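Right, one structure below, let's go through it.
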Amino acid sequence: MIPAAFEYHAPTSLAEATALLARLGEDAKVLSGGQSLIPLMKLRLASPPHVVDINGIPGLTGISETDDVLRIGALTRESDLEESALVRQRYPLLYETSRVIADPLVRNLATVGGNLAHADPANDHPATMLALDAEVVAAGPRGQRRIPIGSFFTGPFATALAPDEILVEVRVPVARPRSGGAYVKLERKVGDFATAAVAAQLALSPGGAVEQVGIGLTNVGLTPIKATAAEASLRGRRADDAAIREAARLAAGAAEPVEDLRGSVEYKRDLVRVLTTRALRRALARAQGGQ
Amino acid sequence: MRVQLTVNGEKHEADVEPRLLLVHFVREVLRLTGTHIGCDTTHCGACTVLMDGRPVKSCTVFTVQASGKSLMTVEGLEQDGTLHPLQESFMSEHGLQCGYCTPGMLMTGYAFLQKNPKPTEDDIRWAISGNLCRCTGYVNIVKAVQRAAATLQ
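Top line first, the protein sequences correspond to chains B and P.
For the first sequence, counting from 1, position 217 maps to 1272 in our numbering; every step adds exactly one.
For the second sequence, counting from 1, position 120 maps to 836 in our numbering; every step adds exactly one.
Shown next as structure tokens:
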């Protein structure tokens, strides 16, 4: 399969890249890892006249932790996230997500920023970042701004980014004491999109009640879904079996799946219930100091 | 567009259309046909090559993205007429049946053993999970990687 012809641009600075995007408008697509864009171009589902490759822009990769935030450069490869000792030890939800995105070869090119900016509701990082209450940093010709992840996904394959903006960084609140997370995904085979997946993040008070909770759902709606009613049901309570069951029921209610080859609406909705239960139990065990 | 890249240690320069996929450049411009095109949809891994040491699916990379980088294809494994121990172990363990997936399996296995010289069976199965063998010959592929790991110790 051969993509339609396009003009290739390889800017070497953010200013150059955003000026290009401002000039080219909707005719341009940003190329980061290319693992979603290139397949779409080969299928001619996308035929952008201009492709702006941002891989030559310095400073967009790397993972670092400060007192209050974990910063992930937008061009950080999924395999770098997976191999980061910091992520593995302190951010189990991110680590587990990075392990189940596509396959190991795709993860060598696919980027964290691309996974978000592509805004495919079947992508895995969106639900994870919703559960973690992350922010993304957008750079445009007029400077940078932060966008809370909760207002980033505006529709299927649509985001709050302006056509001349580039996602340059993801900011995850630093892991708190007594916190833990888990990502539980059901896929038919390695490399397939999720039939459904659930990201859960919990932080407990010294007394053991749920102080902070995030639950994100993958591929059961037109956008990634934050299961807010399920979160609210847990907040301030002990996450015992009954509370987890109730939250899982509410998460299933928040799902808006459609029937496809991966299953019926009823099946997927119940799958969300089961996966939410598992994700919350695993997150809780980790918040309590287990693995 | 002008591209310059190193392939199996040799420098190459060419004029390419931006839309030329890396696998087509390797096979049709450089005539290195060891790299296969399987599914052409980023699933099967038959087209795996190493780009700056990392295995990637060359059907999902534009040649222009590889400019300035170093590539290794399956032809780069053999040195001075001697097969790489991984190639030897694919022979001795019958790690191939039809052979279509083999170049990709070799490149993924080669990069993996450099990073993880003492892998468990699970590690190997995880590492090759982006390479499909339609003959389902995975048992012997895993054995071949294990044997190569032992030989390379």
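Beta carbons: idealized from backbone N, C-alpha and C, even for Gly.
This structure is a prediction, so every number in the text was calculated from the model and none was measured.
Exercise. Any idea what DSSP makes of P1103 of chain B, helix, strand or coil?
Worked result: coil
Exercise. Out of curiosity, what's the CA-to-CA distance linking A1285 of chain B and T1273 of chain B?
Worked result: So the alpha carbons of these two residues sit roughly 15 Å apart.
Problem set entry | Anticipated Cβ contact below 8 Å, Q1090 of chain B with A1157 of chain B, distance rounded | Yes, they are in contact, since the Cβ atoms of Q1090 of chain B and A1157 of chain B sit about 7 Å apart, within 8 Å.
Problem set entry | Given E733 of chain P as reference, the closest of P:C849, P:Q795, P:V745, P:T798 once Cα atoms are compared | P:V745
For this session: Give the DSSP-derived three-state secondary structure of G1195 of chain B in the structure shown.
Result: It is a strand residue.
Exercise. Going by beta carbon distance, what residues of the same chain come within less than 6 Å of G811 of chain P, once the five residues before and after it are set aside?
Worked result: N856, I857, A860
For this session: Flag this pair as yes or no: are the beta carbons of A1254 of chain B and T1209 of chain B separated by less than 8 Å?
Result: no
For this session: Indicate whether A1129 of chain B and E1224 of chain B have their beta-carbon atoms separated by less than 8 Å.
Result: yes
Exercise. Which residues of chain B have a Cβ atom closer than 7 Å to the Cβ of S786 of chain P, listed in chain order?
Worked result: Ordered by position in chain B, no residue passes the 7 Å Cβ test against S786 of chain P, which lies about 14 Å from the chain.
Exercise. In this structure, does DSSP put F1061 of chain B in helix, strand or coil?
Worked result: coil
Exercise. What is the DSSP secondary structure of E791 of chain P, reduced to helix, strand or coil?
Worked result: helix
Exercise. Opposite T1273 of chain B in the DSSP bridges: which residues?
Worked result: B:A1252
Exercise. Is the shortest distance between the beta-carbon of R743 of chain P and the beta-carbons of chain B less than 8 Å?
Worked result: no
Problem set entry | Simplified DSSP state of Q720 of chain P, which is helix, strand or coil | strand
Problem set entry | Residues in the region 720-738 of chain P having any Cβ partner in chain B nearer than 7 Å | E733, P734, R735
Exercise. For A866 of chain P, which of P:I844, P:L848, P:W842, P:Q830 has the nearest alpha-carbon?
Worked result: P:Q830
Exercise. Can you list the residues of chain B that T776 of chain P reaches, using a CB-CB cut of under 7 Å?
Worked result: G1089, Q1090, I1093, P1094
For this session: Please determine, among B:A1072, B:R1328, B:S1319, B:K1240, the residue with the shortest C-alpha to C-alpha distance to P1113 of chain B.
Result: B:A1072
For this session: Give the single residue among P:L721, P:N847, P:A864, P:Q869 whose Cα lies nearest to the Cα of V780 of chain P.
Result: P:L721
Problem set entry | Chain-order list of residues whose beta-carbon lies under 7 Å from that of K834 of chain P (same chain, five-residue window excluded) | A865
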